[in-house]
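A short write-up of the structure that comes next.
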Amino acid sequence: MDPVIVVGAGPVGLSLALALARLGVPSVVLDETPGQEETRPARTAVLRPDTAAFVGRLGCADALESAGTRWAAWRIMRRRRLVERVAFAPRTPDDAAGPAPASPVHLPQHALTRALRAALAREKLAEVVTGSRLADLEQDEHGISAHTRGPNGTWWRGSYLIGCDGPRSTVRKLLDIRFPGRTAVERHAVAALRCELPWPGEALLHRSPPRQGGGPGSEVSARPLADGIWRLDWLLPPGRELVTPDALVARIRDSLAGWSGASPAEPGTGSTGTGPEGDGNRWHGPARPVPPYELLDTGVHTVHHRLARRWRQGRAFLAGDAAHLLGALGTQGLDEGLRDAENLAWKLGLAWHHGASELLLDSYQAERRGAVAARLRAADQALPLLRDGRSVRWRTVLPGAARGRSTLLTDGHLGRGPLGAPPVYARTPLAPPAGPADGPLVETVPGAPVVDVAVTASDGSVVRLHDRLGQGLLVVLVAPGTTVWDRRHWQSAGLMPRLTSAVAALPMPAELLVTESYPGAAAHTVLLVRPDGHLVTALAGVRPEEMTACAEAVRGGADGRGAGAARRAGSEGAPARPAGAGGPAGAGGAAGLGTSDTSDTSGTSGAAHAAPEIGRADSSEASDGAGHGGSGEGRAGADGATDPSGATGAGGAVGAGGATGAMGAADSAGTAGAHSPVDPVGTSMLHSESD
Numbered sequence: 001m002d003p004v005i006v007v008g009a010g011p012v013g014l015s016l017a018l019a020l021a022r023l024g025v026p027s028v029v030l031d032e033t034p035g036q037e038e039t040r041p042a043r044t045a046v047l048r049p050d051t052a053a054f055v056g057r058l059g060c061a062d063a064l065e066s067a068g069t070r071w072a073a074w075r076i077m078r079r080r081r082l083v084e085r086v087a088f089a090p091r092t093p094d095d096a097a098g099p100a101p102a103s104p105v106h107l108p109q110h111a112l113t114r115a116l117r118a119a120l121a122r123e124k125l126a127e128v129v130t131g132s133r134l135a136d137l138e139q140d141e142h143g144i145s146a147h148t149r150g151p152n153g154t155w156w157r158g159s160y161l162i163g164c165d166g167p168r169s170t171v172r173k174l175l176d177i178r179f180p181g182r183t184a185v186e187r188h189a190v191a192a193l194r195c196e197l198p199w200p201g202e203a204l205l206h207r208s209p210p211r212q213g214g215g216p217g218s219e220v221s222a223r224p225l226a227d228g229i230w231r232l233d234w235l236l237p238p239g240r241e242l243v244t245p246d247a248l249v250a251r252i253r254d255s256l257a258g259w260s261g262a263s264p265a266e267p268g269t270g271s272t273g274t275g276p277e278g279d280g281n282r283w284h285g286p287a288r289p290v291p292p293y294e295l296l297d298t299g300v301h302t303v304h305h306r307l308a309r310r311w312r313q314g315r316a317f318l319a320g321d322a323a324h325l326l327g328a329l330g331t332q333g334l335d336e337g338l339r340d341a342e343n344l345a346w347k348l349g350l351a352w353h354h355g356a357s358e359l360l361l362d363s364y365q366a367e368r369r370g371a372v373a374a375r376l377r378a379a380d381q382a383l384p385l386l387r388d389g390r391s392v393r394w395r396t397v398l399p400g401a402a403r404g405r406s407t408l409l410t411d412g413h414l415g416r417g418p419l420g421a422p423p424v425y426a427r428t429p430l431a432p433p434a435g436p437a438d439g440p441l442v443e444t445v446p447g448a449p450v451v452d453v454a455v456t457a458s459d460g461s462v463v464r465l466h467d468r469l470g471q472g473l474l475v476v477l478v479a480p481g482t483t484v485w486d487r488r489h490w491q492s493a494g495l496m497p498r499l500t501s502a503v504a505a506l507p508m509p510a511e512l513l514v515t516e517s518y519p520g521a522a523a524h525t526v527l528l529v530r531p532d533g534h535l536v537t538a539l540a541g542v543r544p545e546e547m548t549a550c551a552e553a554v555r556g557g558a559d560g561r562g563a564g565a566a567r568r569a570g571s572e573g574a575p576a577r578p579a580g581a582g583g584p585a586g587a588g589g590a591a592g593l594g595t596s597d598t599s600d601t602s603g604t605s606g607a608a609h610a611a612p613e614i615g616r617a618d619s620s621e622a623s624d625g626a627g628h629g630g631s632g633e634g635r636a637g638a639d640g641a642t643d644p645s646g647a648t649g650a651g652g653a654v655g656a657g658g659a660t661g662a663m664g665a666a667d668s669a670g671t672a673g674a675h676s677p678v679d680p681v682g683t684s685m686l687h688s689e690s691d
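Per the working numbering, the very first residue in the sequence shown carries number 1; after that it's consecutive.
This is the structure in structure tokens:
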């Protein structure tokens with residue numbers, strides 16, 4: 001069978017090729033660049049724990065540790081007051097998960113890309129072809145052909161093709177897929193500098209800093225990197241004012257001088273200050289001169305929100321920035337792109353080795369587009385409140401919520417809540433047939449990511465559950481006391497012989513694991529986990545027929561219920577239908593197989609800006625998400641603008657091109673939809689949209 005063609009050699013394309021290689025699927029990565037990643041200290045990536053774990057499983061764990069930084073805490077200040085401090089769990093991978101959240105990993109994007117390239121160079125099943133610019137696509141029922149121009153220009157034949165070629169995606173344009181959304185949702189001035197701040201190892205979000213006017217819209221963040229480097233981001237006011245080098249240096253000096261005073265006490269530690277209010281949460285002490293610093297890189301980072309209408313067309317798929325742009329309020333576009341790669345890789349692996357139903361291939365769009373749409377909708381609803389709190393009532397934007405603005409901002413930056421938490425595929429078309437409801441058997445709902453508990457593998461080794469993801473279905477038995485017995489004894493005792501036989505008979509590759517405990521699970525609970533770490537279901541005991549039905553559903557070969565779920569979830573590719581071949585598809589009916597089919601609540605309330613349609617001018621280069629900046633900004637800058645953790649503009653001081661951001665032309669082309677949500681609430685994200 002022909003290899004999979006991946007167009008684009010950014011982090012998403014390289015990760016997808018690596019994930020496919022680990023599944024035994026050959027791939028060709030078409031890279032239009034010379035293959036040399038530009039060093040940009042101000043263009044960084046913040047990886048949540050789940051995406052960092054995914055990258056680590058691809059062979060880049062050492063790079064994450066050496067080039068990345070895990071923060072000790074996250075601080076939010078408003079004016080001179082410390083509002084919140086979130087402490088992260090220490091780096092103890094062998095310990096059970098505690099109450100403290102895990103820290104994100106912050107690293108330069110060029111370091112991540114180089115690590116992925118190095119890992120891919122060691123793979124025999126993957127090939128990166130540099131200097132190959134996509135020119136044309138042709139597909140038929142047996143495969144897809146791609147024509148490239150450049151030094152290696154030729155025709156390439158593949159089984160499937162994935163466009164990971166960024167916001168200007170040639171693949172998306174050749175497939176004639178619209179890319180509507182909002183232009184210049186936020187703009188940030190960015191700087192990378194080496195200095196010392198009063199909170200070593202802790203990230204900071206400072207709202208309304210006094211030395212910068214203290215207005216309701218002013219905001220600056222400081223996030224540590226390795227080697228004493230910090231990335232600073234200043235939220236810019238709406239408009240297109242140029243950020244001159246002098247203006248940026250003034251911002252740097254103001255921020256550093258303001259932070260050089262005495263650190264505030266921790267919240268709730270009592271009154272230790274000497275100011276008028278005697279509040280220990282306030283920042284006191286005389287201002288000091290600007291501390292020494294070394295400016296390494298600058299830029300202007302412009303955030304756009306866009307969502308491709310379709311993510312699959314026949315044998316071609318979209319992923320990463322080619323499919324979506326987001327990044328306001330601390331959300332991370334690269335995180336979502338890596339989740340795209342992880343979701344699609346195991347499905348293409350099944351398709352390449354065993355053939356796949358249309359339902360399985362369509363589920364990529366249904367799950368991932370629905371998740372990103374909910375994220376964009378949540379940001380669209382929160383933006384008016386957080387950026388102009390006087391214009392919208394809390395109850396209108398977040399019905400029933402009593403959360404502060406600072407907490408909501410923290411959600412996006414730390415990966416929690418509707419703005420940042422890993423997605424839950426509650427309405428997936430791959431859900432198993434529902435049986436009689438026994439109530440939830442575990443705390444994790446079906447479709448949600450599983451908890452990273454310690455598990456024992458068949459060879460007796462004790463590892464983390466997330467370390468076994470990516471290869472096939474995981475079947476996890478909760479058996480307290482297992483670790484005190486010799487493996488030779490417990491593998492032949494109790495439920496294990498019957499469970500081992502049931503796992504061996506499943507219609508897709510599966511691995512049996514045993515854990516001492518899982519949150520909310522009783523002894524002898526059996527969990528079925530997808531290759532991307534999302535829970536399929538939990539069963540009370542060993543039920544071979546139900547396990548087989550669940551595996552059939554995961555591989556897209558379930559009975560007619562799957563097709564109905566696909567229609568509800570908004571699958572827009574080829575018509576969803578079950579696989580022609582299948583095992584015992586109708587074996588559901590036992591307790592413990594119920595799935596959550598509730599609608600996504602993150603988009604149920606009315607959006608602040610409702611509109612029947614957005615961005616009908618999508619066919620232009622500008623509205624595709626990356627126009628051409630001025631002379632101060634090159635190709636790398638334009639790509640960085642679409643990544644919420646990337647800085648645009650040429651290295652050094654910001655020129656006129658960098659000031660306008662990577663979408664200067666898009667500002668005029670997208671005026672009609674500039675104040676419209678990416679997908680209005682009136683048009684459900686979870687249903688098919690007709691163009």
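The beta-carbon is built from N, C-alpha and C at its ideal position, and this holds for glycine as well.
These numbers were taken from a predicted model, which means no experiment stands behind them.
Problem set entry | Cα-Cα separation between residue 180 and residue 495, rounded to whole angstroms | Each residue's alpha carbon lies about 53 Å from the other.
Exercise. Which residue from 297, 236 and 467 puts its Cα closest to that of residue 40?
Worked result: That would be 297, whose Cα lies nearest to the Cα of residue 40.
For this session: Determine contact between the region 512-526 and the region 449-461, defined as no fewer than three beta-carbon pairs at a distance below 8 Å.
Result: Between the region 512-526 and the region 449-461 there are three or more C-beta pairs closer than 8 Å, enough to call the two in contact.
Problem set entry | Between the CA atoms of residue 116 and residue 15 - distance to the nearest angstrom | Approximately 7 Å between the Cα atoms of the pair.
Exercise. Which value, in whole angstroms, describes the spacing of the CA atoms of residue 571 and residue 309?
Worked result: Its pLDDT being 37, under 50, residue 571 is placed unreliably by the model, and the measurement read from it follows with that caveat. Cα-Cα distance, rounded: 11 Å.
For this session: Could you have a look at residue 311 and say whether DSSP puts it in helix, strand or coil?
Result: Note: residue 311 maps to coil in three-state DSSP.
Problem set entry | Start-to-end residues for the alpha helix (DSSP H) that takes in residue 429 | In this chain, residue 429 is not harboured by any alpha helix (DSSP H), its DSSP state being neither H nor E.
Problem set entry | Buried versus exposed call for residue 285 [16 or more other C-beta atoms within 10 Å across all chains shown] | Confidence at residue 285 is low in this model, with a pLDDT of 44, below 50, so the placement of that residue should be treated as unreliable; the coordinate-derived value is given next. Around the CB of residue 285, fewer than 16 other CB atoms lie within 10 Å, so the residue is classed as exposed.
Problem set entry | Helix, strand or coil at residue 174 according to DSSP, with G and I counted as helix | Here residue 174 sits in helix by DSSP.
For this session: Could you pull out every unbroken beta strand (DSSP E) segment of at least 3 residues lying fully inside the region 179-208, listed in chain order?
Result: For the region 179-208, whole beta strand (DSSP E) runs of length 3 or above, ordered along the chain, are 181-194 and 202-207.
For this session: Return the first residue and the last residue of the beta strand (DSSP E) that residue 224 is part of.
Result: Note, residue 224: beta strand (DSSP E), 219-224.
For this session: Answer with buried or exposed for residue 142, where buried requires no fewer than 16 other C-beta atoms within 10 angstroms of its C-beta.
Result: Taking all protein chains shown into account, residue 142 has fewer than 16 neighbouring C-beta atoms within 10 Å of its C-beta and is therefore exposed.
Exercise. Among residues of its own chain, excluding the 5 on either side of residue 560, which ones have a beta-carbon nearer than 6 Å to its beta-carbon?
Worked result: The pLDDT assigned to residue 560 is 34, lower than 50, so where the model puts this residue is not dependable, and the model offers no usable value.
Exercise. Helix, strand or coil for residue 508 per DSSP?
Worked result: It is coil, neither helix nor strand.
For this session: Name the two residues that bound the continuous alpha helix (DSSP H) containing residue 12.
Result: Here the alpha helix (DSSP H) through residue 12 covers 11-22.
Problem set entry | Length at least 4, wholly inside the region 349-375: the alpha helix (DSSP H) runs in chain order | With a minimum length of 4 residues, no continuous alpha helix (DSSP H) run stays inside the region 349-375.
Problem set entry | Residue from 307, 471, 254 and 419 whose Cα sits closest to the Cα of residue 349 | For residue 349, the closest alpha carbon among the candidates 307, 471, 254 and 419 is that of 471.
Exercise. How far does the alpha helix (DSSP H) with residue 329 in it reach, from first residue to last?
Worked result: Segment: none, residue 329 is in no alpha helix (DSSP H) and carries neither H nor E.
Problem set entry | Beta-carbon proximity check, residue 334 vs residue 291, cutoff 8 Å | Between residue 334 and residue 291, the CB-CB gap reaches or exceeds 8 Å.
Exercise. Excluding sequence positions up to five away, which residues of its chain have a Cβ less than 8 Å from the Cβ of residue 12?
Worked result: So the qualifying residues of the chain are 164, 319, 320, 321, 334, 337, 338, 340 and 341.
For this session: Could you tell me the distance, in whole angstroms, from the CA atom of residue 547 to the CA atom of residue 4?
Result: Their Cα atoms are separated by approximately 30 Å.
For this session: Locate the beta strand (DSSP E) running through residue 36, then write down its first and last residues.
Result: Note, residue 36: premise wrong, no beta strand (DSSP E); not H, not E.
Problem set entry | For residue 145 and residue 137, the rounded distance between their alpha carbons | Whole-angstrom Cα-Cα distance: 6 Å.
Exercise. Can we say the region 409-418 touches the region 347-366, given the rule of at least three CB pairs closer than 8 Å?
Worked result: Judged by Cβ distances under 8 Å, the region 409-418 makes no contact with the region 347-366, as fewer than three pairs qualify.
Problem set entry | When 72, 174, 232 and 186 are compared against residue 43, the one with the closest alpha-carbon | Distances from the CA of residue 43 to each of 72, 174, 232 and 186 were compared; the closest alpha carbon is that of 232.
For this session: Measure from the alpha carbon of residue 36 to the alpha carbon of each residue in 111, 80, 134 and 190, then state which is nearest.
Result: Ranked by Cα distance from residue 36, the first of 111, 80, 134 and 190 is 111.
Exercise. Out of 124, 386, 218 and 539, which has the shortest C-alpha to C-alpha gap to residue 476?
Worked result: Closest by alpha carbon: 539.
Exercise. What is the DSSP secondary structure of residue 233, counted as helix, strand or coil?
Worked result: Of the three classes helix, strand and coil, the one that applies to residue 233 here is strand, per DSSP.
Problem set entry | Run of the alpha helix (DSSP H) containing residue 417, from where it starts to where it stops | Residues 417-420.
Problem set entry | Nearest residue (CA-CA) to residue 174, options 523, 300, 313 and 108 | Closest by alpha carbon: 313.
Exercise. If you draw a straight line from the C-alpha of residue 220 to the C-alpha of residue 89, how long is it?
Worked result: Between residue 220 and residue 89, the C-alpha separation is close to 25 Å.
Problem set entry | Residues bridged to residue 136 (per DSSP) | Residue pairing by DSSP places residue 136 opposite 147 in a beta bridge.
Exercise. By how many angstroms is the C-alpha of residue 445 removed from the C-alpha of residue 20?
Worked result: About 28 Å.
Problem set entry | CB-CB length for residue 118 against residue 18, believed under 8 Å | Contact between residue 118 and residue 18 is absent: CB atoms are separated by about 11 Å, not below the 8 Å threshold.
Exercise. How long is the line joining the alpha carbons of residue 369 and residue 76, rounded to whole angstroms?
Worked result: Going from the Cα of residue 369 to the Cα of residue 76 covers about 31 Å.
Exercise. CB-CB under 7 Å to residue 542, same chain, minus the five flanking residues each way: which ones, in chain order?
Worked result: Only 495, 498, 499, 502 and 526 meet the Cβ criterion.
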